[in-house]
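What follows is a short report on a single structure.
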Amino acid sequence: MTDQQLIDTTISFVKRTLATAEGGHDWFHIERVYKNAIHIAQSENVNSLIVALGALLHDIADSKFFDGDETIAPKMASEFLLSQNTDSAVIEHVVQIIKNISFKGGNTQQTFTSPELDVVQDADRLDALGAIGIARTFNYGGFKNRKMYDPSIAPDLEMTPEQYKASTAPTINHFYEKLLLLKDKMNTKTGCAIAEKRHQYMEAFLQQFYAEWEGKL
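If you count the sequence shown from 1, position 127 lands on 817 in this note's numbering, and the numbers rise without skipping.
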(Lines of atoms letter the chains of each structure in order from A and count residues from 1; the text may use other names and numbers.)
(Lines give C-alpha, C1' and ligand atoms only; values in the text may rest on other atoms or scores of the structure.)
Protein backbone atom coordinates (compact mmCIF):
# COMPACT_ATOMS: atom_id res chain seq x y z
CA MET A 1 0.00 0.00 0.00
CA THR A 2 1.37 3.42 -0.93
CA ASP A 3 1.33 6.33 1.51
CA GLN A 4 -1.46 7.99 -0.45
CA GLN A 5 -3.54 4.82 -0.42
CA LEU A 6 -3.12 4.60 3.36
CA ILE A 7 -4.16 8.25 3.71
CA ASP A 8 -7.22 7.69 1.50
CA THR A 9 -8.20 4.58 3.48
CA THR A 10 -7.76 6.52 6.72
CA ILE A 11 -9.99 9.31 5.44
CA SER A 12 -12.73 6.79 4.68
CA PHE A 13 -12.35 5.22 8.13
CA VAL A 14 -12.56 8.59 9.89
CA LYS A 15 -15.60 9.68 7.87
CA ARG A 16 -17.44 6.49 8.82
CA THR A 17 -16.43 6.66 12.47
CA LEU A 18 -17.42 10.31 12.94
CA ALA A 19 -20.59 10.22 10.80
CA THR A 20 -22.78 11.16 13.80
CA ALA A 21 -20.25 13.23 15.78
CA GLU A 22 -20.99 16.60 17.41
CA GLY A 23 -20.64 19.42 14.88
CA GLY A 24 -17.43 20.88 16.27
CA HIS A 25 -15.63 17.52 16.37
CA ASP A 26 -16.94 15.86 13.20
CA TRP A 27 -15.30 14.96 9.88
CA PHE A 28 -15.25 18.59 8.79
CA HIS A 29 -13.16 19.49 11.86
CA ILE A 30 -10.77 16.69 10.94
CA GLU A 31 -10.63 17.88 7.34
CA ARG A 32 -9.79 21.44 8.36
CA VAL A 33 -7.06 20.25 10.73
CA TYR A 34 -5.69 17.98 8.00
CA LYS A 35 -5.55 20.86 5.53
CA ASN A 36 -3.96 23.16 8.13
CA ALA A 37 -1.37 20.50 8.94
CA ILE A 38 -0.43 19.94 5.30
CA HIS A 39 -0.06 23.71 4.85
CA ILE A 40 2.12 24.14 7.93
CA ALA A 41 4.21 21.06 7.12
CA GLN A 42 5.36 22.63 3.87
CA SER A 43 7.61 24.93 5.89
CA GLU A 44 8.82 22.29 8.36
CA ASN A 45 11.22 19.34 8.21
CA VAL A 46 8.77 16.56 9.03
CA ASN A 47 7.58 13.12 7.99
CA SER A 48 4.55 14.01 5.88
CA LEU A 49 2.86 10.61 6.33
CA ILE A 50 2.99 10.86 10.12
CA VAL A 51 1.65 14.43 9.96
CA ALA A 52 -1.23 13.33 7.72
CA LEU A 53 -2.16 10.31 9.82
CA GLY A 54 -1.81 12.24 13.07
CA ALA A 55 -4.11 14.98 11.80
CA LEU A 56 -6.67 12.54 10.45
CA LEU A 57 -6.79 10.36 13.57
CA HIS A 58 -6.20 12.91 16.34
CA ASP A 59 -9.90 13.15 17.33
CA ILE A 60 -11.09 9.68 16.33
CA ALA A 61 -12.56 9.29 19.84
CA ASP A 62 -12.39 12.62 21.68
CA SER A 63 -12.43 11.87 25.41
CA LYS A 64 -15.08 14.57 25.99
CA PHE A 65 -17.60 12.24 24.38
CA PHE A 66 -16.38 9.09 26.15
CA ASP A 67 -16.73 10.05 29.82
CA GLY A 68 -13.22 11.50 29.84
CA ASP A 69 -11.57 8.21 28.81
CA GLU A 70 -8.33 9.18 27.02
CA THR A 71 -7.35 5.59 26.19
CA ILE A 72 -10.00 4.91 23.54
CA ALA A 73 -8.63 7.12 20.75
CA PRO A 74 -5.05 5.77 20.83
CA LYS A 75 -6.41 2.22 20.91
CA MET A 76 -8.76 2.78 17.98
CA ALA A 77 -6.07 4.48 15.91
CA SER A 78 -3.53 1.78 16.67
CA GLU A 79 -5.91 -1.04 15.81
CA PHE A 80 -6.91 0.62 12.55
CA LEU A 81 -3.31 1.27 11.46
CA LEU A 82 -2.33 -2.28 12.40
CA SER A 83 -5.14 -3.58 10.20
CA GLN A 84 -3.55 -1.66 7.33
CA ASN A 85 -0.12 -3.22 7.98
CA THR A 86 1.35 0.17 8.86
CA ASP A 87 4.96 0.28 10.05
CA SER A 88 5.13 -0.07 13.85
CA ALA A 89 7.27 3.06 14.26
CA VAL A 90 4.69 5.11 12.36
CA ILE A 91 1.87 3.71 14.51
CA GLU A 92 3.70 4.52 17.74
CA HIS A 93 4.43 8.07 16.60
CA VAL A 94 0.79 8.66 15.61
CA VAL A 95 -0.39 7.26 18.94
CA GLN A 96 1.93 9.65 20.79
CA ILE A 97 0.54 12.57 18.79
CA ILE A 98 -3.01 11.58 19.79
CA LYS A 99 -2.03 11.25 23.45
CA ASN A 100 -0.26 14.60 23.61
CA ILE A 101 -2.07 16.93 21.22
CA SER A 102 -4.85 18.24 23.44
CA PHE A 103 -4.98 21.34 25.61
CA LYS A 104 -5.77 19.86 29.02
CA GLY A 105 -5.69 22.92 31.28
CA GLY A 106 -3.88 23.13 34.59
CA ASN A 107 -0.49 23.79 32.96
CA THR A 108 -0.22 20.11 32.03
CA GLN A 109 3.15 19.22 30.54
CA GLN A 110 3.43 17.09 27.40
CA THR A 111 5.23 13.79 27.84
CA PHE A 112 6.26 13.55 24.19
CA THR A 113 7.61 16.01 21.64
CA SER A 114 8.36 15.82 17.93
CA PRO A 115 8.28 18.15 14.90
CA GLU A 116 5.29 16.19 13.61
CA LEU A 117 3.38 16.72 16.86
CA ASP A 118 4.24 20.43 16.68
CA VAL A 119 2.66 20.68 13.23
CA VAL A 120 -0.50 18.69 14.02
CA GLN A 121 -0.95 20.44 17.36
CA ASP A 122 -0.73 23.87 15.69
CA ALA A 123 -3.19 22.76 13.02
CA ASP A 124 -5.66 21.57 15.67
CA ARG A 125 -5.26 24.73 17.75
CA LEU A 126 -5.89 26.93 14.72
CA ASP A 127 -9.31 25.32 14.39
CA ALA A 128 -10.08 26.55 17.91
CA LEU A 129 -9.32 30.15 16.90
CA GLY A 130 -10.93 32.80 14.72
CA ALA A 131 -14.43 32.57 13.25
CA ILE A 132 -14.37 28.78 13.17
CA GLY A 133 -13.16 28.66 16.77
CA ILE A 134 -16.01 30.91 17.88
CA ALA A 135 -18.58 28.83 16.00
CA ARG A 136 -17.24 25.56 17.39
CA THR A 137 -17.19 26.91 20.95
CA PHE A 138 -20.82 28.00 20.91
CA ASN A 139 -21.85 24.83 19.09
CA TYR A 140 -20.32 22.70 21.85
CA GLY A 141 -21.77 24.95 24.55
CA GLY A 142 -25.23 24.44 23.05
CA PHE A 143 -24.59 20.71 22.75
CA LYS A 144 -23.84 20.66 26.52
CA ASN A 145 -26.75 23.04 27.29
CA ARG A 146 -24.44 25.62 28.88
CA LYS A 147 -25.18 29.28 29.39
CA MET A 148 -23.65 31.59 26.80
CA TYR A 149 -22.50 34.04 29.47
CA ASP A 150 -23.09 34.76 33.13
CA PRO A 151 -21.31 37.89 34.45
CA SER A 152 -21.42 36.43 37.98
CA ILE A 153 -19.25 33.43 37.00
CA ALA A 154 -15.66 34.49 36.44
CA PRO A 155 -13.22 32.51 34.29
CA ASP A 156 -10.96 30.22 36.31
CA LEU A 157 -7.35 30.13 35.13
CA GLU A 158 -6.15 28.00 38.06
CA MET A 159 -8.09 24.81 37.37
CA THR A 160 -6.39 21.45 37.62
CA PRO A 161 -6.67 19.21 34.54
CA GLU A 162 -9.44 17.30 36.30
CA GLN A 163 -11.36 20.48 37.11
CA TYR A 164 -10.90 21.76 33.56
CA LYS A 165 -12.29 18.52 32.13
CA ALA A 166 -15.30 18.61 34.48
CA SER A 167 -16.08 22.31 34.10
CA THR A 168 -19.63 23.37 33.20
CA ALA A 169 -18.86 27.09 33.05
CA PRO A 170 -20.56 29.42 30.52
CA THR A 171 -19.24 29.36 26.98
CA ILE A 172 -17.70 32.84 27.13
CA ASN A 173 -15.44 31.66 29.97
CA HIS A 174 -13.87 29.14 27.60
CA PHE A 175 -12.34 32.00 25.62
CA TYR A 176 -10.27 32.98 28.66
CA GLU A 177 -9.64 29.48 30.00
CA LYS A 178 -8.35 28.17 26.64
CA LEU A 179 -8.90 29.97 23.35
CA LEU A 180 -7.13 33.26 24.09
CA LEU A 181 -4.17 31.33 25.55
CA LEU A 182 -3.47 29.36 22.37
CA LYS A 183 -1.75 32.14 20.42
CA ASP A 184 1.25 32.01 22.75
CA LYS A 185 1.38 28.20 22.71
CA MET A 186 1.91 27.74 18.95
CA ASN A 187 4.97 25.77 17.87
CA THR A 188 5.70 26.78 14.28
CA LYS A 189 6.33 30.08 12.51
CA THR A 190 3.45 29.50 10.11
CA GLY A 191 1.12 28.52 12.94
CA CYS A 192 2.06 31.62 14.93
CA ALA A 193 1.34 33.94 12.01
CA ILE A 194 -2.11 32.48 11.35
CA ALA A 195 -2.95 32.31 15.07
CA GLU A 196 -2.16 36.02 15.54
CA LYS A 197 -4.79 37.02 12.98
CA ARG A 198 -7.41 34.66 14.36
CA HIS A 199 -6.68 35.80 17.92
CA GLN A 200 -7.32 39.41 16.95
CA TYR A 201 -10.62 38.39 15.36
CA MET A 202 -11.73 36.75 18.62
CA GLU A 203 -10.77 39.79 20.68
CA ALA A 204 -12.86 42.00 18.39
CA PHE A 205 -15.77 39.54 18.71
CA LEU A 206 -15.63 39.67 22.51
CA GLN A 207 -15.66 43.46 22.50
CA GLN A 208 -18.73 43.41 20.27
CA PHE A 209 -20.38 40.69 22.40
CA TYR A 210 -20.01 42.66 25.64
CA ALA A 211 -21.18 45.88 24.02
CA GLU A 212 -24.32 44.18 22.74
CA TRP A 213 -24.85 42.40 26.08
CA GLU A 214 -24.84 45.76 27.83
CA GLY A 215 -27.11 47.31 25.19
CA LYS A 216 -24.42 49.77 24.07
CA LEU A 217 -24.52 48.84 20.37
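Idealized CB from N, CA, C, for every residue including glycine. These figures come from a predicted structure and were not determined experimentally.
Between I740 and H783 a beta carbon distance of about 5 angstroms is seen, short of the 8 angstroms cut, so the two are scored as contacting. In terms of CA proximity to L708, D749 leads the group D749, K725, K789. Note on E904: under 16 other CB atoms within 10 angstroms of its CB, so exposed under the neighbour-count rule. Judged by DSSP secondary structure, M892 falls within the alpha helix (DSSP H) whose first and last residues are 879-903. Counted as a single uninterrupted DSSP element, the alpha helix (DSSP H) harbouring R815 occupies residues 805-816. Sequence-distant Cβ neighbours of D817 in its own chain, meaning closer than 8 angstroms and more than five residues away, are H719, R722, V723, N726, G823, R826. Beta-carbon to beta-carbon, Q811 and T699 are separated by about 24 angstroms, too far to satisfy the 8 angstroms threshold. Under the three-state reduction of DSSP output, N735 falls in the coil class, being neither helix nor strand. The shortest C-alpha to C-alpha distance from P845 to any of N835, P851, S857, E852 is the one to S857. Counting the other Cβ atoms within 10 Å of the Cβ of F756 gives fewer than 16, which makes it exposed. One alpha carbon belongs to I884, the other to L870, and they sit about 14 angstroms apart. In this structure, M876 sits near R815, with a CB-CB distance shorter than 8 angstroms.
Annotation: the continuous alpha helix (DSSP H) that includes L696 extends over 693-707.
With respect to the C-alpha of P841, the residue from N863, T761, S768, T803 having the closest C-alpha is N863.
Residue F770 holds the alpha-carbon nearest to the alpha-carbon of V704 among F770, Q732, D693. Scanning its chain for C-beta atoms nearer than 7 angstroms, with the 5 sequence neighbours on each side dropped, one finds around E734 the residues P805, V809, T878, in chain order. For V736, the closest C-alpha among the options D716, F793, T803, I701 is that of T803.
Distance between M766 and E902, taken at the CA atoms: about 44 angstroms. DSSP places T861 inside the alpha helix (DSSP H), whose first and last residues are 861-867.
Assignment of I781 by DSSP, reduced to helix, strand and coil, places it in the helix class.
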